[in-house]
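Residue numbers (the numbering used here), protein chains in the order written: chain A, 1040 to 1152; chain B, 5 to 156. Where is the CB? At the ideal position from N, CA and C, for every residue including glycine.
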């Protein structure tokens, strides 16, 4: 039941931010919503209810590394699209490796895992 | 540069594209929750900022741009890539805002969870918009924007 609630809330929040991104111009501003805290809002809301505030605080501290990795990921995607000239899907998929490396690399460096 | 709403842009989307986004958002939220349950909050927290939604958005933006150009009888691959690159540049700045979202939420949630959501969301919005405003004053950004002006 919890996973059904997660799916519905997550789908709704993500769609709402995506619609805002579609609606706004210029595109570079709309792009801000590609890094909106949509999954975080849905997940942390449920986490606070099910596991408590301390657990949610631990998750959001780790999220800092994920967010830094997302910034690095977006820069790499932008460079691949502009300089290498591959399509958006390939650039996004390839750059996911960068996200994983930066996110887990920062956690290892911080001694969190 | 002036930020404006363009309601006509919503007409470019097909119904199944909105459905895919909803499903992807739901799946990403379920996945993030499952990772936290399986590996704990330290690993699970990373996936609160995973780029799944960006991936879908950038692909859709490119598709819409290519479709629009083809309807005008032109090849739109290059223009599509530029539009997606502009979206990625914006997402990079949104990512900076997301760092502040996480810091503010972690600092405030134990005192008041409801206030933590408000403060953290406000921090994301403020930092992202401020970073976007600053970025557009830099010459290198103006070069990218000039390239994509006709797509934005």
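Beta-bridge partners assigned by DSSP to residue 1063(A): 9(B). Residues of chain B whose Cβ lies closer than 8 Å to the Cβ of residue 1135(A) are, in chain order, 55, 59. For residue 26(B), the nearest beta carbon of chain A is closer than 8 Å to its own beta carbon. For residue 117(B), the enclosing alpha helix (DSSP H) starts and ends at 117 to 139.
Look at the region 8 to 26 of chain B: the residues with a C-beta under 7 Å from a C-beta of chain A are 8, 9, 10, 11, 13, 14, 17, 22, 25, 26. Look at the region 1048 to 1060 of chain A: the residues with a C-beta under 8 Å from a C-beta of chain B are 1048, 1049, 1050, 1051, 1052, 1053, 1054, 1056, 1057, 1058, 1060. Secondary structure of residue 101(B) (DSSP, three-state): helix.
Secondary structure note for residue 45(B): its alpha helix (DSSP H) is the uninterrupted segment 45 to 48.
Counting of Cβ neighbours within 10 angstroms places residue 1046(A) among the buried residues, the total reaching 16 or more. Look at residue 78(B) here: in three-state DSSP terms it is coil, with no helix or strand label. Exclusion of the five residues before and after residue 32(B) leaves 56 as the residues of its chain whose Cβ lies within less than 6 Å of its Cβ.
Taking the C-beta atoms as reference points, residue 1100(A) is found nearer than 8 Å to residue 49(B).
Distance from residue 1075(A) to residue 1086(A) at the Cβ level is roughly 18 Å; contact not present, criterion being Cβ atoms closer than 8 Å. Close to residue 1121(A), with beta-carbon spacing below 7 Å, are these residues of chain B in chain order: 89.
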